[in-house]
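Inspection log for the structure reproduced underneath, given as structure tokens.
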């Protein structure tokens with residue numbers, strides 16, 4: 045299986061913006077509204093900072109509070125200035141709530157859309173394409189990657205809001221003291237130019253923890269899947285050592301990234317303050333008289349630099365997260381391009397399912413099934429036998445329309461199976477896997493398996509058909525008993541018969557059973573056999589099996605070996 049595509053590098057600012065806007069999608073008007081609201085907040089905040097500075101000057105000098113630009117202001121008492129300031133604070137508080145709500149909704153709504161798209165793309169993709177990917181792909185995309193994409197959107201929105209607030213504060217600083225404010229802008233630009241080589245290296249280094257974390261996740265998934273074998277072969281120590289090495293490499297890459305991410309904003313902020321102080325020193329020594337309004341400017345300067353640091357931090361995180369959006373888009377787009385065709389022909393019944401010269405290959409040039417031709421008539425019970433890996437399960441996937449033939453034709457009566465709608469064929473056919481899985485829910489919910497339109501009586505009838513009803517009634521709450529992961533378990537035989545009940549629920553015309561009795565106790569095997577006897581003649585059964593007792597009730601038996609299908613006498617398998 046191939047791994048998911050890995051991001052080659054950390055995105056530059058334009059790519060971060062493009063990726064973020066792509067995820068935000070239809071919520072761009074909300075982003076614009078957030079920016080406009082942030083600009084308004086910045087203007088109001090600039091006003092309150094200016095008022096605070098003016099009050100401080102008046103209190104130290106014992107005079108009135110002067111408000112407004114130099115040479116154009118007006119004077120008010122300290123009490124009046126405080127009342128004005130309190131009114132401005134109320135306005136700030138009133139504006140903060142809608143701004144916070146807009147920012148929170150942007151990222152959360154983006155994640156809902158993204159996760160929904162991932163689920164639709166993955167579950168709609170062909171089984172053949174999903175087989176080519178490593179295990180845990182959907183879990184990683186919908187878990188870690190979606191959360192990081194949400195964080196990227198959050199940081200991008202925060203960066204835009206910060207820019208708007210910074211612009212408002214900067215405008216206020218320019219009005220207060222144009223020369224020093226413009227000097228501040230020059231200082232920020234100079235610091236940015238000096239720190240650019242470090243920022244560029246950070247962008248390159250940020251790829252390393254992304255790649256190493258993906259390796260760790262893949263190795264952990266592998267260890268989880270093979271945990272029983274790890275214990276049986278007593279190889280826990282080398283597995284732990286291998287994972288510890290991977291974790292250490294990932295941690296070191298992340299440490300370097302975090303160190304540079306924390307250091308650069310501090311260097312930027314303190315460097316800018318130093319440059320501005322040098323500018324003030326030069327102006328004070330020159331006697332040019334540009335220091336009027338220095339106190340309000342100092343307060344605005346500190347606030348502006350806080351915004352700059354906040355902007356740097358937001359963009360740093362957004363750059364770090366951006367490759368995940370790129371990877372999500374590549375993976376989901378590939379899944380969507382390999383979507384399983386829905387079909388355009390409704391099928392309500394069938395008389396015959398026919399394979400004509402069908403080939404199937406998981407990889408080009410490596411055929412698993414070769415020139416398969418046979419027909420199954422309505423009501424027949426057909427057995428499929430063959431060694432492991434011979435293509436039996438692949439054949440069942442083709443019958444169930446879960447896979448598509450590489451060449452040849454599979455037809456239901458005169459309709460190519462690939463043209464049948466997935467929904468109509470799912471109503472006509474059902475599947476009982478060798479290893480059935482429970483979902484967390486009641487027995488009712490497990491038998492229904494996400495299918496609506498079946499009342500409790502229909503569920504009970506299906507359980508009776510699978511000879512499971514009596515055992516369900518002995519559970520603490522009968523059909524309302526919670527079973528599945530994290531709840532009550534069932535025995536292997538009970539799980540298999542529940543899978544049969546699940547298949548019988550819609551009263552299908554065709555049931556494919558993959559080794560239904562391979563791991564059952566004698567009692568469960570007898571009950572499954574009884575169900576098969578009851579279904580024979582009016583439900584078409586394709587039975588992948590080896591046990592003579594199971595194969596003995598088949599009308600015909602086909603053997604698959606090295607991808608070739610041949611019919612063999614029933615007596616050959618039950619003697």
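Numbering (the numbering used here), first residue to last: 45 to 619.
Don't be surprised by glycine CBs; every beta carbon is placed ideally from N, CA and C.
What's the C-alpha gap between residue 469 and residue 555? Position 425 of the chain shown holds residue 469. Position 511 of the chain shown holds residue 555. Those two C-alpha atoms are separated by around 11 Å.
Sequence-distant residues of the same chain with beta carbon closer than 7 Å to residue 609, five excluded per side: Indexing the chain shown from 1 puts residue 609 at position 565. Same-chain partners within the cutoff: 416, 418 and 602.
Three-pair Cβ contact test at 8 Å for the stretch 388-402 versus the stretch 93-111: no
With distance defined between alpha-carbon atoms, name the residue in 565, 490 and 351 nearest to residue 86. If you number the chain shown from 1, residue 86 lands on position 42. Per the Cα distances, 351.
Exposed unless 16 or more other CB atoms sit within 10 angstroms - verdict on residue 151: For the purposes of this step, residue 151 is taken as residue 107 along the chain shown, with counting starting at 1. Classification of residue 151: buried, given that the 10 Å Cβ count is 16 or more.
Whole-number beta carbon distance between residue 541 and residue 510, since they are thought to touch under 8 Å: If you number the chain shown from 1, residue 510 lands on position 466. If you number the chain shown from 1, residue 541 lands on position 497. Yes, they are in contact, since the Cβ atoms of residue 510 and residue 541 sit about 4 Å apart, within 8 Å.
Are residue 205 and residue 147 close, meaning C-beta to C-beta below 8 Å? Position 161 of the chain shown, counting from 1, holds the residue named residue 205. Position 103 of the chain shown, counting from 1, holds the residue named residue 147. Yes. Within cutoff.
Excluding sequence positions up to five away, which residues of its chain have a Cβ less than 8 Å from the Cβ of residue 143? Translated into the one-based positions of the chain shown, residue 143 becomes position 99. Taken in chain order, the residues that qualify are 78, 81, 82, 85 and 205.
With distances taken between CB atoms, is the gap from residue 162 to residue 182 smaller than 8 Å? Along the chain shown, one-based indexing puts residue 162 at 118. Along the chain shown, one-based indexing puts residue 182 at 138. Result yes, Cβ atoms of residue 162 and residue 182 sit closer than 8 Å.
If I follow the unbroken beta strand (DSSP E) through residue 497, where does it start and stop? Numbered from 1 along the chain shown, position 453 holds the residue referred to as residue 497. Segment: none, residue 497 is in no beta strand (DSSP E) and carries neither H nor E.
Among the candidates 120, 140, 425 and 164, whose CA atom is the shortest distance from the CA of residue 381? Indexing the chain shown from 1 puts residue 381 at position 337. Closest option to residue 381, Cα to Cα, is 164.
Pairs of beta-carbons, one from the stretch 179-198 and one from the stretch 258-269, closer than 8 Å: are there three or more? yes
With a threshold of 16 other CB atoms inside 10 Å of the CB of residue 310, please say whether the residue is buried or exposed. To locate residue 310, count along the chain shown from 1; it is residue 266. Residue 310 is exposed by the Cβ-count criterion.
What's the C-alpha gap between residue 372 and residue 493? To locate residue 372, count along the chain shown from 1; it is residue 328. To locate residue 493, count along the chain shown from 1; it is residue 449. Cα to Cα, the separation comes out at about 29 Å.
For residue 307 and residue 235, I'd like the C-alpha separation in whole angstroms. Residue numbering aside, residue 307 sits at position 263 when the chain shown is read from its first letter. Residue numbering aside, residue 235 sits at position 191 when the chain shown is read from its first letter. Between residue 307 and residue 235, the C-alpha separation is close to 13 Å.
Which residue's Cα is closest to the Cα of residue 571: 551, 513 and 216? As a working note, residue 571 is residue 527 in the chain shown. The candidate whose alpha carbon is nearest that of residue 571 is 513.
Let me know the alpha helix (DSSP H) ranges lying completely inside the stretch 523-585, each 4 residues or longer, listed in chain order. 536-548 and 566-579
For residue 397, which beta-bridge partners are listed by DSSP? Taking the chain shown and counting its residues from 1, one reaches residue 397 at position 353. Answer by DSSP bridge pairing, in chain order: 420 and 456.
Inter-residue Cα distance where the pair is residue 585 and residue 275: Locating residue 585 in the chain shown gives position 541, counting from the first residue. Locating residue 275 in the chain shown gives position 231, counting from the first residue. If I take the Cα positions, the gap works out to 39 Å.
Taking the alpha-carbon positions, what's the residue 130 to residue 145 distance? Counting from 1 along the chain shown, the entry for residue 130 is found at position 86. Counting from 1 along the chain shown, the entry for residue 145 is found at position 101. Near 23 Å, if we compare the C-alpha coordinates of residue 145 and residue 130.
Residue 536 versus 440, 278, 482 and 498, residue with shortest Cα-Cα distance: On the chain shown, residue 536 is found 492 positions in, with the first residue counted as 1. Minimum Cα distance to residue 536 is reached at 482.
Is residue 434 near residue 606, with beta carbons less than 8 Å apart? Taking the first residue of the chain shown as position 1, residue 434 is located at position 390. Taking the first residue of the chain shown as position 1, residue 606 is located at position 562. Yes, Cβ-Cβ distance for residue 434 and residue 606 is below 8 Å.
Nearest CA to the CA of residue 68: which residue from 200, 184 and 175? Taking the chain shown and counting its residues from 1, the one referred to as residue 68 is at position 24. With distances taken between Cα atoms, residue 68 lies closest to 200.
Cα-Cα separation, residue 474 to residue 517: Sequence index remark: in the chain shown, residue 474 carries index 430 (1-based). Sequence index remark: in the chain shown, residue 517 carries index 473 (1-based). Cα to Cα, the separation comes out at about 25 Å.
Give the DSSP-derived three-state secondary structure of residue 403 in the structure shown. Position 359 of the chain shown, counting from 1, holds the residue named residue 403. DSSP places residue 403 in strand when its eight states are reduced to three.
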